[in-house]
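In full-length UniProt numbering, the protein residues as written are 1 to 447. Idealized CB from N, CA, C, for every residue including glycine. Notes for the one structure printed next.
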């Protein structure tokens, strides 16, 4: 196993990685911005080094500085966490060129999945169902109108190199199309440096189910079943659960097999996630692949008993998977709720000084936390403070535990989305598992 790794990330995911490293006796190096000098992950790591100012381009996106620190501290590997540089092909390539192990897939695999158009073509060749749409870039508004008329509205205009809900929009008629196409292309260019767009048919009344995969360097790939991720706002997940209550075991098996084919099609190594849209008849369609650890990975850990960060480290070190597909069993039900520093009515970020932060405790409750009770929440980063993960023998038990835990969560000094999460947990539609991707929009209208 590695002796020392650098964690090129921040907040709760950096602390989460540190905890597994401590269990494996792997030393950790944290890198941090001026705004994060007082963060728990900085003090918990064995070593910590300042990257730069509070803005991400001054610190967490500074590839040259991160690799310099990695060389100075003689680490053997770098874990990118999620977000930030985790799916940056250039970052992975520079780490490889520096003779340091990247705890994730190869830069080539990241590159192939980084373009949603390339990913669509690859999945189609691997016999993975894809959403009807274009496999080539849409070059102009006129081309967009022509193709949308051909497949029928509503359609989704999407940035080929986008992520996090940026550069994508549902369009219901021709009048909306020109504005949506041009504005999302500009946004994609601004955020990702690439304004290439394409169009897909909207799968109406769909829900969002993803499959966790693990693949070792020896070419063996398994899946760890599914996560239901339909409760989203602005295409970003808010509550996730495992397993999905909306698909049959037969569909679950078919999706798992398709996910393994998808990973094998790009010679994928390490942990990754294949995301699908599933319609009311349980037909499923490839959406995208995340070539990293997911925010919601803890719910898979709770229902399978498998530590995904431990598996990432072992795979990156060159060890063969010691888990067979037949070893993967689902036990119980887990739900994750993301705790955000945001106004629960508008979802606008709510930075400020925390005066108290006390997550609930008890059997079946896990807290992945990135802050402490006197932490200064800045406007520079994603507003997620922590993740509350609950486990029950049944889904009903997990929901009951979620309600209780959220009601006991104590955060003072800033606004959070906890009141909204409590409302969702109590919603009859959530309890009935009627959670399509339109859930939040419909739920907010009823409030």
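Taking Cβ to Cβ, would you say residue i is nearer than 8 Å to residue j?
{"i": "residue 208", "j": "residue 275", "result": "yes"}
{"i": "residue 304", "j": "residue 330", "result": "yes"}
{"i": "residue 167", "j": "residue 188", "result": "yes"}
{"i": "residue 461", "j": "residue 227", "result": "No answer is possible for residue 461: it lies beyond the span of the chain, which begins at 1 and ends at 447."}
{"i": "residue 122", "j": "residue 112", "result": "yes"}
{"i": "residue 377", "j": "residue 341", "result": "yes"}
{"i": "residue 389", "j": "residue 406", "result": "no"}
{"i": "residue 206", "j": "residue 90", "result": "no"}
{"i": "residue 198", "j": "residue 117", "result": "yes"}
{"i": "residue 277", "j": "residue 293", "result": "no"}
{"i": "residue 392", "j": "residue 333", "result": "yes"}
{"i": "residue 4", "j": "residue 76", "result": "yes"}
{"i": "residue 6", "j": "residue 78", "result": "yes"}
{"i": "residue 356", "j": "residue 410", "result": "yes"}
{"i": "residue 315", "j": "residue 217", "result": "yes"}
{"i": "residue 201", "j": "residue 155", "result": "yes"}
{"i": "residue 31", "j": "residue 69", "result": "yes"}
{"i": "residue 339", "j": "residue 386", "result": "yes"}
For residue i, which of helix, strand or coil comes out of DSSP?
{"i": "residue 101", "result": "strand"}
{"i": "residue 28", "result": "strand"}
{"i": "residue 290", "result": "strand"}
{"i": "residue 297", "result": "helix"}
{"i": "residue 349", "result": "strand"}
{"i": "residue 269", "result": "coil"}
{"i": "residue 140", "result": "coil"}
{"i": "residue 133", "result": "strand"}
{"i": "residue 69", "result": "helix"}
{"i": "residue 201", "result": "strand"}
{"i": "residue 92", "result": "helix"}
{"i": "residue 15", "result": "helix"}
{"i": "residue 326", "result": "helix"}
{"i": "residue 110", "result": "helix"}
In the DSSP output, what is residue i paired with across the bridge?
{"i": "residue 4", "result": "27"}
{"i": "residue 285", "result": "277"}
{"i": "residue 60", "result": "For residue 60, which the question treats as bridged, DSSP gives no partner whatsoever."}
{"i": "residue 356", "result": "412"}
{"i": "residue 115", "result": "Answer is none; residue 115 lacks a bridge partner."}
{"i": "residue 335", "result": "241, 390"}
{"i": "residue 209", "result": "228, 276"}
Using 8 Å for Cβ pairs, my map puts residue i next to residue j. What's the rounded Cβ distance?
{"i": "residue 160", "j": "residue 137", "result": "7 Å"}
{"i": "residue 408", "j": "residue 360", "result": "4 Å"}
{"i": "residue 92", "j": "residue 104", "result": "7 Å"}
{"i": "residue 15", "j": "residue 370", "result": "6 Å"}
{"i": "residue 260", "j": "residue 328", "result": "That belief does not hold up - the Cβ atoms of residue 260 and residue 328 are roughly 12 Å apart, past 8 Å."}
{"i": "residue 44", "j": "residue 13", "result": "Actually they are not in contact, since the Cβ atoms of residue 44 and residue 13 sit about 13 Å apart, beyond 8 Å."}
Secondary structure, alpha helix (DSSP H): runs of 4+ residues fully inside the segment 362 to 431
395 to 408, 418 to 426, 428 to 431
Just to confirm the assignment: which complete beta strand (DSSP E) runs, minimum length 3, are found wholly within the segment 212 to 262?
221 to 233, 236 to 242
Let me know the beta strand (DSSP E) ranges lying completely inside the segment 149 to 193, each 3 residues or longer, listed in chain order.
155 to 163, 166 to 171
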